[in-house]
Ligand SMILES: *[C@@H]1O[C@H](CO)[C@@H](O)[C@H](O)[C@H]1NC(C)=O
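Residue numbers (mature numbering (1 follows the signal peptide of the UniProt record, and there is no 0)): -16 to -1, 1 to 136.
See the structure below:
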């Protein structure tokens, strides 16, 4: 009796382990995208490290219809880029609108202001409209496709 109970426990934990890991729901996806957008504007290492990324996360960017260019090849790459890359020009993100598609992709449509020294020197007219498609593997961002339009 005791043995069969133990076997039952063993069986159910094996079953639990074989189930897919928790899917990322809308709240989880939005939190991941928000963490990315925050890091894009603060450029802090802590914020860049907090973005939930797969190790081999990729990013493709299209600027005013020109592209796509692959601008990131790994999590390390992307975290460094968020701190020191071209996106270091972005210092404010606003008007975020979120669209969750049935295929699991989350689109975030927003605007950014760009400038030098974290906005201390704004670049006149440099408002950019951003359409950013986030794909996930479980709870981690696995791919980002970015389409920007400047001026917004
Ligand atoms: C998911 O659907 C959206 C809306 O149709 C589309 O733009 C996007 O390319 C799709 N993503 C994938 C990975 O198929």
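Glycine is no exception: its CB is placed at the ideal position from the N, C-alpha and C atoms.
Check: Among all residues, which have a Cβ less than 5 Å from at least one non-hydrogen atom of ligand 1, and in what chain order do they fall?; Outcome: 85, 87, 89
Check: Could you check which residue in 77, 95, 117 has the C-alpha nearest to that of residue 87?; Outcome: 117
Check: Can you have a look at residue 78 and say buried or exposed, based on whether 16 or more other CB atoms are within 10 angstroms of its CB?; Outcome: exposed
Check: Determine the closest residue to residue 135 out of 60, 48, 124, 89, with distance taken between C-alpha atoms.; Outcome: 48
Check: Between 98, 129, 125, which lies nearest to residue 33 when the distance is taken from Cα to Cα?; Outcome: 125
Check: Please report the distance separating the alpha-carbon of residue 39 from that of residue 75.; Outcome: 26 Å
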